Every structure is written in structure tokens, then in C-alpha cells.
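Below is one structure; the comments refer to it alone.
There are 2 protein chains.
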Amino acid sequence: MHAPYGLTILDNCVSCPRRQDHLFCNVSIHAAQRLNEIKSTAVYPKGAMLFIEGQLPRGVFVLCNGKVKLSTTSREGKTIITKISESGDVLGLNAIVSNRPYEVTAEMLEPGQANFIPRDPLLHFLKEFPEVAVRVAQQLSRNYFAAYEEIRTLGLAASPSEKFAKLLLSWSSSVPRENGSTQLKLTLTHEEIGEIIGTTRETVSRIFSEFRRKQLVQLKGATLVIRNLPALEKIIQS
Amino acid sequence: MHAPYGLTILDNCVSCPRRQDHLFCNVSIHAAQRLNEIKSTAVYPKGAMLFIEGQLPRGVFVLCNGKVKLSTTSREGKTIITKISESGDVLGLNAIVSNRPYEVTAEMLEPGQANFIPRDPLLHFLKEFPEVAVRVAQQLSRNYFAAYEEIRTLGLAASPSEKFAKLLLSWSSSVPRENGSTQLKLTLTHEEIGEIIGTTRETVSRIFSEFRRKQLVQLKGATLVIRNLPALEKIIQS
DNA sequence: ATAAACCAGTGACTCAGATCACACACCGTT
DNA sequence: AACGGTGTGTGATCTGAGTCACTGGTTTAT
Chain P
1 MHAPYGLTIL DNCVSCPRRQ DHLFCNVSIH AAQRLNEIKS TAVYPKGAML
51 FIEGQLPRGV FVLCNGKVKL STTSREGKTI ITKISESGDV LGLNAIVSNR
101 PYEVTAEMLE PGQANFIPRD PLLHFLKEFP EVAVRVAQQL SRNYFAAYEE
151 IRTLGLAASP SEKFAKLLLS WSSSVPRENG STQLKLTLTH EEIGEIIGTT
201 RETVSRIFSE FRRKQLVQLK GATLVIRNLP ALEKIIQS
Chain B
239 MHAPYGLTIL DNCVSCPRRQ DHLFCNVSIH AAQRLNEIKS TAVYPKGAML
289 FIEGQLPRGV FVLCNGKVKL STTSREGKTI ITKISESGDV LGLNAIVSNR
339 PYEVTAEMLE PGQANFIPRD PLLHFLKEFP EVAVRVAQQL SRNYFAAYEE
389 IRTLGLAASP SEKFAKLLLS WSSSVPRENG STQLKLTLTH EEIGEIIGTT
439 RETVSRIFSE FRRKQLVQLK GATLVIRNLP ALEKIIQS
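Chains P and B, in that order, give the protein sequences. With our numbering, the residue at position 165 of the first sequence is 165, and numbering never jumps. With our numbering, the residue at position 175 of the second sequence is 413, and numbering never jumps.
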């Protein structure tokens with residue numbers, strides 16, 4: 001266990017600019033102390049599985065840094081990625097609240113640190129701090145809306161191009177824009193992008209080529225420059 | 239207002255066999271009394287809209303009888319049906335909890351009665367009865383899992399045939415089975431079935447024909463007889 | 001009773017995207 | 001340097017399901 005035990009959830013989060021939004025990173029001092037008692041911190045390597053679809057829920061993971069891929073796989077081996085989680089996200093919450101098996105697999109996309117809170121202490125904690133329980137309910141509701149958005153995308157969006165444009169825009173909205181174009185690190189493979197928007201690797205490759213040809217995006221090494229936001233918006237129009 | 243005001247939520251639900259499962263139909267006597275004070279009951283005709291996608295949330299509807307179609311529509315006019323709600327379901331809960339616009343449109347598929355609980359009194363009620371609030375959280379979690387199931391169906395299921403088979407099986411699971419075949423009233427049009435499984439009216443028609451040809455199902459008037467459950471299961475296999 | 005809507009079924013045609021099959025670039029290993 | 005592994009780019013081909021068009025049946029309105 002070479003994890004930095006000196007750090008606490010509070011400590012971790014003090015420096016985080018989005019702390020206010022984070023379910024377990026912005027609670028009363030008493031609640032935070034309690035959380036520190038029941039949590040355990042660990043660093044996970046790239047590729048580590050925090051939990052696997054179908055497992056009985058052991059607890060939740062609060063991601064401190066790094067990215068996590070949430071995915072589900074059919075019997076035939078087809079995989080869809082439902083979300084790329086970032087720091088501050090609470091993983092496995094739905095499974096804990098309703099005591100059902102994890103509905104997704106959570107895999108570290110890059111090395112990172114996470115706090116684990118076991119099921120029973122967590123439920124006990126929520127009874128002790130009802131104000132946090134309310135925020136849990138709101139988080140569940142937010143999860144629902146995210147899932148709902150995905151249903152709309154899968155069920156209503158027409159072509160892979162549209163979905164890809166939508167994905168690029170959702171990425172660009174999380175980074176600052178500078179005179180109409182945004183820049184971001186592209187960490188996913190075409191295969192993974194395909195699993196997000198529900199198409200094949202080849203199709204992603206082709207759409208990508210097409211977007212570059214049309215000067216909508218530009219690729220410099222691993223850095224993706226989105227040069228024409230309006231044109232992407234126009235592709236979506238839904 | 240020709241609604242049967244004499245009935246209360248409690249009264250309505252006493253005779254309901256699935257009452258135990260229903261969020262607001264199985265609460266303490268005190269909570270029930272409080273609910274009766276803040277609810278109002280009405281009967282809605284077929285085609286009535288309880289609420290519409292995008293509206294600010296006014297409150298929740300507890301469905302007493304009848305069926306309700308929950309759907310969402312894209313700008314281009316394509317519609318998907320996300321759920322057919324039945325008696326006991328609470329509609330609009332997510333919108334109330336997170337105070338966002340209704341994410342779906344709720345339309346009566348057949349005439350029926352519903353209790354309306356306005357937003358503010360409901361939130362107040364939940365503070366007054368935390369044990370009900372916990373059940374609300376669990377209901378939200380259940381809603382999430384239902385949405386998640388839909389994502390899996392839309393994202394992983396391959397062909398319309400598979401999805402239709404899946405739908406038939408989900409229908410058949412809610413009615414008793416008699417020596418391997420189940421019977422149910424078919425109330426939806428092919429168009430609506432298409433909006434559930436994400437395909438066109440014509441394709442539904444063709445798949446339906448195919449299933450009849452293969453003796454998987456049989457149609458007697460508005461009664462659908464599912465004769466070969468195992469074969470349908472085999473079509474899904476995901 | 002008749003018209004007007006709506007619903008169901010089926011053929012013919014088309015095309016977007018899945019599938020298959022390569023070629024090539026890049027990177028850490030031995 | 002040669003190697004296997006992984007990711008990317010693009011042609012060629014195939015096919016499932018969307019679209020269009022029409023028929024006939026059934027329910028609702030006037």
C-alpha cells in the first residue's frame with residue numbers, strides 16, 4: 001500500500017476548482033471528518049478495473065484524478081462506453097443505493113487516485129448526515145438525466161457524423177475557447193470513440209478524415225484543434 | 239370537476255395487488271393523511287397530456303389506472319417512446335427532484351385517473367417524512383436503471399427483430415403464462431411500437447408478419463398470443 | 001350512409017454504414 | 001535492426017432497413 005495516506009478527501013479537494021459541484025468534496029466539516037474515517041485511498045494504474053459489470057456492489061469510488069471509462073458489454077462482445085468520468089465523480093452510487101450489481105465496468109484510462117467508501121459505512125453515514133443524503137438523491141437524478149440524454153442521442157440522432165459532431169462539441173464545451181476554436185488532448189482511440197457513438201472503428205476513421213478535409217478539425221500529434229464550432233453545431237441541428 | 243373526490247390515494251390503492259411496490263401507495267397512515275391533503279384527483283380522457291417535454295415542473299402525477307405514454311421528440315419531429323407507464327407509477331419525479339424541465343411528454347393512452355401533487359407541498363412533505371424521501375431516492379435509482387436498460391437495448395441490440403423480440407418478452411413477463419404461451423391485449427399501433435424499438439412502421443409490420451409466419455406469435459383480434467417464448471429468447475441472446 | 005382519417009400489409013428501390021481485407025505508421029522490446 | 005503489438009487510413013463489397021408508393025381494411029366523424 002504505497003498510497004499517500006497523508007491526504008484526505010478534504011485535502012485532495014481544497015485545490016480543486018470544481019469542488020463546489022462535487023458530491024463528497026463539499027460537505028460540512030463534521031461530515032468530511034466522518035468520511036475520512038471510513039474511506040480508504042489508493043492509486044490505480046492505467047487499465048485497472050475499479051469494478052466490473054455484474055459484480056455485487058462493494059462500495060463507491062470517489063475519483064480524485066485521472067479518467068475512468070464506464071462501459072457495458074453484450075453477450076456477443078459488443079461494447080458501448082457510456083461515460084468518461086473525471087475527477088470528483090462518484091462511481092458506483094446507483095448500485096449502492098439500490099443494492100443491485102454494478103451496471104457498468106469502470107476502468108482507469110490513465111493512472112490516478114481514488115477514495116473507496118465501503119457500502120455499509122456509506123449507508124450509515126448517509127443516515128447520520130441527511131443533508132448529504134439529499135445531495136445523493138440529486139446526484140442520482142443527475143445521473144438519470146445523463147442517461148436520458150444518451151437515450152435521446154442513441155434513439156433520435158440520425159447519422160454517425162451527427163453523433164461524432166455532438167461528441168466533439170461536448171468535449172469542446174469543457175475547455176476554454178480562444179477566438180472560436182478550442183484545443184484538447186485526444187486520449188481515446190478510434191475504436192473507443194466508436195464505442196461511444198455506436199459505430200465501427202472504420203466509420204470513425206472515415207468521418208474523422210472527412211472532418212479534417214472540411215477543415216472542421218485539425219490534428220497536431222495528440223492535440224485536437226476544433227476550428228469550426230458553428231459548422232459542427234450545424235451538423236447536429238437536433 | 240366530475241372526479242370521484244370521495245376516493246383517496248389510500249382508498250384507491252387498498253385494492254391494488256401491487257400496492258407494496260408503489261412509491262406513494264404504501265406509506266404510513268400519517269404520511270397518507272398528509273398526502274391526501276395536498277393531492278388533487280382528476281380523470282383524464284384518452285389523448286390528454288399530463289405534461290409536456292420542456293415545461294417547468296409543476297408537480298408529480300400518481301397514476302391510479304389507465305396507461306400513459308412517455309415520449310420525447312427531436313427537433314426534426316422524430317419521436318421515441320421511452321416507457322409505457324401503468325397504475326401506481328409516479329410521473330415527473332425526476333424533474334421535481336432536480337427542478338429541471340420535464341424531460342418527456344406524458345400522454346394518456348386510455349382514459350384514467352391520476353392524483354396530482356404540486357411541487358412545493360411535495361418537497362415539504364418529503365422533508366416532513368424522511369422515510370418516504372429514502373424511497374424516493376430508491377425510485378430515482380430504479381428510474382436510472384430502467385433508462386440504463388434502454389441504453390443497452392438501443393446501443394447493443396443489433397437488429398429491429400431482436401429489439402421487437404425483447405419488447406414482446408418484456409410484455410409477456412408481466413402477465414401469467416399458461417403452458418408456455420402468454421396472452422395480452424395489443425393496444426399500441428405499429429407506428430408506436432416502431433417508436434419504442436427505434437424503427438419504422440413498415441419494418442415493424444414486416445417483422446410482425448415474419449414472426450407470425452414462424453408461428454412465434456398469433457393475433458386474434460386485439461389479442462396477441464405469444465406461442466413460442468423460447469424461440470423469442472433465442473432471437474435475443476444478448 | 002358516406003366521407004375522411006387512420007391503420008396495416010407488401011412490393012420495389014436505394015443507400016449508408018458494416019464487414020472484409022490490406023497497407024502502413026508508430027513504439028517499446030529483445 | 002528486426003520484431004510483434006497496437007492504432008490508423010482507405011479501398012471493395014454486401015446487405016439490412018429506410019423510403020416511397022400503393023392497396024385495402026377499420027374506425028370515427030359529419
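In this text, a Cβ means the ideal position worked out from N, Cα and C, and glycines have one as well. For clarity, every value in this text was computed on a predicted model and none was experimentally measured.
The alpha helix (DSSP H) enclosing residue i, as first and last residue numbers
i: A95 of chain P; result: 93-98
i: I318 of chain B; result: I318 of chain B -> not in any alpha helix (DSSP H); beta strand (DSSP E) instead, spanning 317-323.
i: K472 of chain B; result: 467-474
Residue-level contact to chain P via CB, residue i, 9 Å cutoff
i: P368 of chain B; result: yes
i: Y386 of chain B; result: yes
i: A403 of chain B; result: no
i: L426 of chain B; result: no
i: E345 of chain B; result: no
i: S399 of chain B; result: no
i: Q475 of chain B; result: yes
i: I274 of chain B; result: A quick correction: the sequence has Asn, not Ile, at residue 274 of chain B. Closer than 9 Å: no.
i: L392 of chain B; result: yes
i: I389 of chain B; result: yes
i: G292 of chain B; result: no
Cβ neighbour criterion (16 or more within 10 Å) applied to residue i
i: Q293 of chain B; result: exposed
i: A375 of chain B; result: buried
i: D358 of chain B; result: exposed
i: E416 of chain B; result: exposed
i: R390 of chain B; result: buried
i: T200 of chain P; result: exposed
i: I247 of chain B; result: Its pLDDT being 49, under 50, I247 of chain B is placed unreliably in this model, and the coordinates cannot settle the point.
i: K39 of chain P; result: buried
i: T461 of chain B; result: exposed
i: V217 of chain P; result: buried
i: E107 of chain P; result: buried
i: Q139 of chain P; result: buried
Residue i (DSSP reduced to helix, strand or coil)
i: S266 of chain B; result: coil
i: V43 of chain P; result: strand
i: L460 of chain B; result: Note that residue 460 of chain B is Ala in the sequence shown here, rather than Leu. Coil at A460 of chain B, not helix or strand.
i: I207 of chain P; result: helix
i: K401 of chain B; result: helix
i: K69 of chain P; result: strand
i: I431 of chain B; result: helix
i: A146 of chain P; result: helix
i: I117 of chain P; result: strand
i: E53 of chain P; result: coil
i: G350 of chain B; result: strand
i: V328 of chain B; result: strand
i: V455 of chain B; result: strand
i: F363 of chain B; result: helix
i: G436 of chain B; result: coil
i: E267 of chain P; result: The structure shown does not extend to residue 267 of chain P, since chain P is modelled only from 1 to 238, so the question has no answer here.
i: T187 of chain P; result: coil
Any chain B beta carbon closer than 9 Å to residue i
i: S141 of chain P; result: yes
i: G6 of chain P; result: Below a pLDDT of 50, predicted positions are generally treated as unreliable, and G6 of chain P, at 37, falls in that range; no measurement from the model is reported.
i: I80 of chain P; result: yes
i: V97 of chain P; result: yes
i: S74 of chain P; result: yes
i: N26 of chain P; result: no
i: F145 of chain P; result: yes
i: V43 of chain P; result: no
i: A31 of chain P; result: no
Neighbourhood of residue i by C-beta, 6 Å cutoff - its chain only, sequence neighbours within 5 removed
i: L169 of chain P; result: L232
i: L347 of chain B; result: K305, K307
i: A333 of chain B; result: P295, Y340
i: P4 of chain P; result: For P4 of chain P, the predicted model reports a pLDDT of 37, less than 50, meaning its position is unreliable; a value from the coordinates is still stated below. Cβ neighbours of P4 of chain P beyond the five flanking positions: none.
i: M287 of chain B; result: E345
i: L93 of chain P; result: V60
Nonlocal neighbours in the same chain, by C-beta distance under 7 Å from residue i, ignoring five residues either side
i: I235 of chain P; result: S161, E162, A165
i: I197 of chain P; result: P160, K163, F164, L167
i: L245 of chain B; result: Low confidence applies to L245 of chain B: its pLDDT is 40, below 50, so where it sits in the model is not reliable enough to give any reading.
i: E191 of chain P; result: R201
i: A269 of chain B; result: F367, V370
i: N99 of chain P; result: P57
Host beta strand (DSSP E) of residue i (start-end)
i: S181 of chain P; result: That residue, S181 of chain P, is in no beta strand (DSSP E); it is neither H nor E in DSSP.
i: G59 of chain P; result: 59-63
i: A106 of chain P; result: 105-108
Residues near residue i by beta carbon distance below 8 Å, same chain, minus five either side
i: S419 of chain B; result: V463, I464, R465, N466, L467
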